[in-house]
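Undergrad: Okay, here's the structure, questions in a sec.
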């Protein structure tokens, strides 16, 4: 090994998957220590406060390693209820307290921060780390606090984009390309994000990919608005091109966020009505906010196995099944995933007011239609067959259609048939008459080179990559 170049040794180190083996490699000899200590710090995963404190201590003793960190993963954070500082000496705590002093903007803030560090407030410790590693490219972050006074992470990123202390001497997070935020939920409380907490990330100069869970627009309590929001936000100013939101509620079409993106290529939004005091799904609002991206949007998942209630806290959820609007002028859209009532304006009619052939863009390659019921299947089949008839001339790129809905029988005795629970497969199966109804469109797809998939989210075997004609 001593005859190998440093680059080759580092390549070998990159293929050591076990984290303990990576740590042990540092102690083989002095050369390996110098090489692998830097490699070890390139990608850092911290799962609890104890690990974070140890990592902070290492950075304090070797500050040059902070600039090495490219990926920081706190996405699987597990809160600790044990003693806040089982491995730290009074000298260590004093060192961290001094660090908090240099990052604080006032004596009052410093005193609060110091007390929170001593008390083991986890966001206080995470916020101590972030300014040290502002050269990162990827960040996965868990927000663990419900207390407004503990929102250190929100304050940190608002100050970063406003170039306030401790980010006043050099650009902060100017190379950050990917961010994933996670709200820490338990059985007793739902932790959510407000758009005001997200805004700072939309002003970072290199950020391209943003994902989050539990983003809720217009929560009822006005005291959730943050101080120190990013300044000078301009429509179309954000470089973000990919947004992925799970278990979220954009009641107003995310009107404070989406207009900031001038080059949005992918937008995925999984709606959930499982939040108190929120509005229902409003597809029309999303059509308005996404219209500015007609020339750039390639992937649109307006829903992905979302949760839609007939009634929400605001009453009857009438907007849930409203029409999204035409997608014909979304010039580069290739991947569309949308609920049937939002795709076609059917209301109580037998057929949509505008046929599917006039709604879809000619650039479309894959179409995934969710939320179909058997009583709507005849109508949808007719619309899909119209698309297939003009596929060669109007939709030449189309290669795949998925139809997902509730097509199974709720039969408690299905397990006795021998079909159930093989390899984890659900005992529920799609009705045979549904397959019979689908057969003409399956054959039509095959004749023009389009794959057809029939799915039911409660029939797990149908959620696999099995074409409808082979089930």
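Residue numbers (the UniProt record's numbering): 1 to 471.
For every residue, glycine included, the Cβ atom is placed at its ideal position computed from N, Cα and C.
Quick caveat: nothing in here was measured; it's all calculated off a predicted structure.
Which partner residues does residue 368 have in the DSSP bridge list?
TA: Numbered from its first residue, the chain shown carries residue 368 at position 368. Answer by DSSP bridge pairing, in chain order: 337, 402.
Undergrad: Does the Cβ-Cβ distance between residue 408 and residue 458 come in under 8 Å?
TA: The residue given as residue 408 occupies position 408 in the chain shown. The residue given as residue 458 occupies position 458 in the chain shown. Residue 458 is positioned such that its CB atom lies closer than 8 Å to that of residue 408.
Undergrad: Determine the extent of the alpha helix (DSSP H) in which residue 247 is found, giving its start and end residues.
TA: For the purposes of this step, residue 247 is taken as the residue at position 247 of the chain shown. Counting along the chain, residue 247 falls outside any alpha helix (DSSP H), though it belongs to the beta strand (DSSP E) covering 242-248.
Undergrad: Candidates 310, 295, 290: which alpha carbon is nearest residue 301's?
TA: Residue numbering aside, residue 301 sits at position 301 when the chain shown is read from its first letter. Checking every option, the nearest Cα to that of residue 301 belongs to 290.
Undergrad: For residue 213, which of helix, strand or coil comes out of DSSP?
TA: For the purposes of this step, residue 213 is taken as residue 213 along the chain shown, with counting starting at 1. DSSP places residue 213 in strand when its eight states are reduced to three.
Undergrad: Measure the C-alpha to C-alpha separation of residue 397 and residue 364 and round it to an integer number of angstroms.
TA: Here residue 397 is taken as the residue at index 397 of the chain shown, counted from 1. Here residue 364 is taken as the residue at index 364 of the chain shown, counted from 1. C-alpha separation (whole angstroms): 6 Å.
Undergrad: Kindly indicate which residue of 55, 142, 262 has the alpha-carbon position closest to the one of residue 214.
TA: As a working mapping, residue 214 is identified with position 214 in the chain shown. The shortest C-alpha separation from residue 214 is found at 142.
Undergrad: Below 7 Å CB to CB, which residues in the same chain sit around residue 133 once its five sequence neighbours on both sides are set aside?
TA: Looking up residue 133 in the chain shown gives position 133. So the list reads 66, 69, 72, once near-sequence residues are dropped.
Undergrad: Reducing DSSP to helix, strand and coil, say where residue 100 ends up.
TA: In the chain shown, the residue the question calls residue 100 occupies position 100. In the structure shown, residue 100 sits in a helix (DSSP, three-state: H, G or I).
Undergrad: Identify whether residue 472 lies in helix, strand or coil by the three-state DSSP scheme.
TA: There is simply no residue 472 to check, as the chain begins at 1 and stops at 471 in what is shown.
Undergrad: From the DSSP output, in three-state form, read off residue 122 for me.
TA: The residue given as residue 122 occupies position 122 in the chain shown. Residue 122 falls in the helix class under three-state DSSP.
Undergrad: Whose C-alpha, out of 430, 450, 272, is nearest the C-alpha of residue 456?
TA: Reading the chain shown from its first residue, position 456 is the one you call residue 456. Of 430, 450, 272, the residue nearest in Cα terms is 430.
Undergrad: Considering only the beta carbon of each residue, do residue 333 and residue 340 sit closer than 8 Å?
TA: Here the question's residue 333 lines up with position 333 in the chain shown. Here the question's residue 340 lines up with position 340 in the chain shown. Going by C-beta atoms, residue 333 is not nearer than 8 Å to residue 340.
Undergrad: What do you reckon, are the CB atoms on residue 161 and residue 207 nearer than 8 Å?
TA: As a first step, residue 161 must be located in the chain shown, where it is residue number 161. As a first step, residue 207 must be located in the chain shown, where it is residue number 207. Going by C-beta atoms, residue 161 is not nearer than 8 Å to residue 207.
Undergrad: Which of helix, strand or coil does DSSP assign to residue 308?
TA: As a working note, residue 308 is residue 308 in the chain shown. It is coil, neither helix nor strand.
Undergrad: Out of 295, 439, 256, which one is the CA nearest neighbour of residue 331?
TA: Locating residue 331 in the chain shown gives position 331, counting from the first residue. Selected option, being the one with the closest Cα: 295.
Undergrad: Answer yes or no: does any C-beta atom of chain D fall closer than 8 Å to that of residue 71?
TA: In the structure shown, chain D does not exist; there is a single protein chain.
Undergrad: Taking 6 Å as the limit between beta carbons, can you name the residues of its chain near residue 200, skipping five residues before and five after?
TA: Within the chain shown, residue 200 is the residue found at index 200, counting from 1. 157, 158, 161, 230, listed in sequence order.
Undergrad: Per DSSP, what are the beta-bridge partners of residue 430 in this structure?
TA: Residue numbering aside, residue 430 sits at position 430 when the chain shown is read from its first letter. BP columns for residue 430 point to 408.
Undergrad: Should residue 56 and residue 117 be called a contact, given that it needs their Cβ atoms to be closer than 8 Å?
TA: As a first step, residue 56 is located in the chain shown; it is residue number 56 there, counting from the start. As a first step, residue 117 is located in the chain shown; it is residue number 117 there, counting from the start. No. Outside cutoff.
Undergrad: For residue 135, which of 44, 285, 96 has the nearest alpha-carbon?
TA: Mapped onto the chain shown, residue 135 falls at position 135. It is 44 whose Cα lies nearest to the Cα of residue 135.
Undergrad: To the nearest angstrom, how far is the alpha carbon of residue 108 from that of residue 131?
TA: Translated into the one-based positions of the chain shown, residue 108 becomes position 108. Translated into the one-based positions of the chain shown, residue 131 becomes position 131. If you take the alpha carbons of residue 108 and residue 131, they lie about 20 Å apart.
Undergrad: State the DSSP-derived secondary structure class of residue 461, mapped to helix, strand or coil.
TA: Here residue 461 refers to the residue found at position 461 when the chain shown is read from its first residue. In the three-state reduction of the DSSP assignment, residue 461 falls in the helix class, which pools H, G and I.
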